[in-house]
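First up is the structure itself, then whatever we jot down about it.
Number of protein chains: 2
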Amino acid sequence: MIGKTRSGSVAAVIPAADDGIAMGLLPALVGYHVRQAQMAIFADFDAALGELGVSPGIFALLVIIDANPGLKQTLLADAARLDRSTLVPALDKLEQRRLVERRAAPGDRRSNGIFLTADGADLLNAARRAVRRHETRLARDFGPGERAALIALLSRIFPEHR
Amino acid sequence: MIGKTRSGSVAAVIPAADDGIAMGLLPALVGYHVRQAQMAIFADFDAALGELGVSPGIFALLVIIDANPGLKQTLLADAARLDRSTLVPALDKLEQRRLVERRAAPGDRRSNGIFLTADGADLLNAARRAVRRHETRLARDFGPGERAALIALLSRIFPEHR
DNA sequence: TATTGTTATACTCTATAACTATA
DNA sequence: TATAGTTATAGAGTATAACAATA
Chain D
1 MIGKTRSGSV AAVIPAADDG IAMGLLPALV GYHVRQAQMA IFADFDAALG
51 ELGVSPGIFA LLVIIDANPG LKQTLLADAA RLDRSTLVPA LDKLEQRRLV
101 ERRAAPGDRR SNGIFLTADG ADLLNAARRA VRRHETRLAR DFGPGERAAL
151 IALLSRIFPE HR
Chain B
163 MIGKTRSGSV AAVIPAADDG IAMGLLPALV GYHVRQAQMA IFADFDAALG
213 ELGVSPGIFA LLVIIDANPG LKQTLLADAA RLDRSTLVPA LDKLEQRRLV
263 ERRAAPGDRR SNGIFLTADG ADLLNAARRA VRRHETRLAR DFGPGERAAL
313 IALLSRIFPE HR
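Sequences listed follow chains D and B, in order. For the first sequence, the working numbering assigns the number 1 to the initial residue and increments by one for each residue that follows. For the second sequence, the working numbering assigns the number 163 to the initial residue and increments by one for each residue that follows.
Structure representation (structure tokens):
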């Protein structure tokens with residue numbers, strides 16, 4: 001039974017062991033478990049999609065581009081939560097791989113519209129299948145509704161920062 | 163009861179829009195929400211503990227050192243899930259800040275035992291208080307049991323990778 | 001003046017491989 | 001031979017500030 005303090009909601013220290021090494025209060029922290037879960041998820045994602053040359057960040061970009069053909073770079077950066085200067089080299093690499101294209105936007109000669117190429121659409125389809133299998137592995141021990149419950153709880157963390 | 167929210171949590175699973183930008187299947191993926199949650203958590207953690215010069219990784223190191231005085235570097239690296247070569251510069255910085263000490267281990271002249279200094283213990287205590295407040299903010303909209311439910315669900319993701 | 005994309009730069013975090021000194 | 005710590009190096013991933021072209 002995890003305790004609750006009178007003034008806060010952080011549980012008491014559980015001296016969980018990692019091969020006999022005490023982890024202090026870390027196992028009682030949501031932030032710690034989110035980090036551990038993310039590292040495990042990234043490892044499986046990379047094992048599944050590394051061969052395709054698709055990282056979680058690249059996958060998100062391809063999905064957003066596919067769902068919004070012709071999106072301008074600044075809006076794409078906002079949707080992917082990247083600075084627009086961070087997006088530039090990412091798009092450069094995708095363009096070199098002939099997965100996306102920058103096309104001059106009609107009506108505003110400052111902007112580019114971003115589009116998936118046919119190769120990009122093919123790669124994205126393969127990546128989506130691999131991601132669905134990855135997500136199934138991720139939640140393979142979950143009962144009905146637990147996967148949705150996890151997503152619901154996660155999306156209630158600091159909604160003001162989204 | 164997991165998954166019931168005052169603001170309609172199920173909507174978060176439906177491919178929603180980010181200012182009119184379609185996000186495709188991303189909002190249906192656990193991995194996506196773990197990543198978004200982590201970014202939000204890091205932002206709040208940094209706002210709360212950046213002044214102390216304590217990042218989530220540094221905090222974890224200090225907690226583990228405090229809970230295991232004299233731990234050897236290799237075991238500390240394992241507990242923190244870092245390569246031993248990654249730990250070296252991290253400890254260098256903590257030692258320069260006089261927060262930790264490497265002491266020759268008795269009986270094996272290859273090894274160091276890692277200890278918190280008095281300054282390190284003081285900083286850790288301040289950091290722990292700030293982290294408890296941070297964790298309370300993190301889960302401030304959660305009902306009874308939801309915080310524990312979230313931790314339980316997260317720790318069931320890829321346990322074979324832990 | 002403001003916005004779009006770009007560049008130059010830098011910083012954090014992390015890992016691999018090779019080295020040294022011990023064991 | 002094997003292990004503990006270190007070094008050199010490299011690669012993601014990210015950001016800030018300043019710039020040119022355009023609005």
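From the three backbone atoms N, C-alpha and C, an ideal C-beta is built for every residue, glycine too. Note that the structure is predicted; figures quoted are calculated from it, not measured.
DSSP bridge partner residues for residue i (one or two, in chain order)
i	result
B:Leu278	B:Val262
B:Lys234	B:Gly275
Residue i burial status per 10 Å Cβ neighbour count (16 or more: buried)
i	result
D:Gln96	exposed
B:Val293	buried
B:Asp206	buried
B:Arg116	Beyond the ends of chain B as shown, which are 163 and 324, falls residue 116 of chain B; an answer cannot be given.
B:Leu316	buried
D:Glu170	Lying outside 1 to 162, the shown extent of chain D, residue 170 of chain D is not represented and no answer is given.
D:Ala37	buried
D:Glu135	buried
D:Ser7	Interpretation of D:Ser7 is limited by its pLDDT of 35, a score under 50 that renders its predicted location unreliable; no figure is taken from the coordinates.
Where residue i meets chain B, residues with beta-carbon distance less than 9 angstroms
i	result
D:Phe45	Gly193
D:Val131	Leu187, Leu191 and Gly193
D:Glu135	Ala190, Leu191, Val192 and Gly193
D:Glu51	Correct list: empty, because the minimum Cβ distance to chain B is about 18 angstroms.
Other residues of its chain near residue i: CB distance less than 6 angstroms, five sequence neighbours each side excluded
i	result
B:Pro218	Phe207
B:Thr236	Arg246
B:Met163	Residue confidence for B:Met163 is low, a pLDDT of 32 falling below 50, so the modelled location carries little weight and cannot support an answer.
D:Lys72	Ser111
B:Tyr194	Leu188
D:Val54	Ala127
D:Thr5	Only weak support is given to the placement of D:Thr5: the predicted model assigns it a pLDDT of 36, under 50, and the question is left unresolved by the model.
B:Val172	Caution is warranted here: a pLDDT of 31 is assigned to B:Val172, below 50, making its placement in the model unreliable, and the coordinate value is therefore given only provisionally. Cβ neighbours of B:Val172 beyond the five flanking positions: none.
Beta carbon of residue i nearer than 8 angstroms to that of residue j
i	j	result
D:Ala80	D:Ala67	no
D:Ile114	D:Gly70	yes
D:Ala77	D:Leu87	yes
B:Leu278	B:Ile227	yes
D:Leu138	B:Ile313	no
D:Arg128	B:Leu187	yes
D:Arg164	B:Ala202	There is simply no residue 164 of chain D to check, as chain D begins at 1 and stops at 162 in what is shown.
Beta-carbon proximity list for residue i, same chain, < 7 angstroms, skipping 5 on both sides
i	result
D:Gly120	Leu62, Leu99 and Val100
B:Arg302	none
B:Ala288	Leu214
D:Phe42	Pro56
Partners in chain D for residue i, counting only beta-carbon separations shorter than 9 angstroms
i	result
B:Ser317	Pro27, His33, Gln36 and Ala37
B:Ile276	In chain order: nothing, as chain D lies at least about 12 angstroms away.
B:Ala202	Ile157, Phe158, Pro159, Glu160, His161 and Arg162
B:Leu233	Ile21
Residues that residue i contacts on chain D, provided the C-beta gap is smaller than 8 angstroms
i	result
B:Asn230	Ile21 and Ala22
B:Ala311	Ala149 and Leu153
B:Ala239	In chain order: nothing, as chain D lies at least about 11 angstroms away.
B:Leu300	Val30, Gly31, Ile157 and Phe158
Contact list for residue i against chain B, beta-carbon separation under 8 angstroms
i	result
D:Ile64	Ile183, Ala184, Met185, Gly186 and Leu188
D:Ile58	By Cβ distance, chain B contributes nothing, its closest Cβ being about 13 angstroms from D:Ile58, past 8 angstroms.
D:Arg109	Within chain B, no residue comes near D:Arg109; the closest Cβ sits about 23 angstroms away, beyond 8 angstroms.
D:Arg102	Residues of chain B passing the Cβ test: none, with the nearest at roughly 18 angstroms.
D:Arg128	Leu187
Own chain, CB closer than 8 angstroms to residue i, minus 5 neighbours either side, in chain order
i	result
D:Phe142	Leu150
D:Arg133	Ala48
B:Ile220	Ala252 and Leu256
D:Ala105	Gly70, Lys72, Ser111, Asn112 and Gly113
Proximal chain B residues relative to residue i, where beta-carbon distance stays under 7 angstroms
i	result
D:Asp141	Arg318
Closer than 7 angstroms: residue i CB and nearest the ligand FAD heavy atom
i	result
B:Thr298	The ligand content of the structure shown is nil, which means the ligand FAD is not present either.
Listed by chain order, chain D residues near residue i by CB distance under 7 angstroms
i	result
B:Glu308	Leu153
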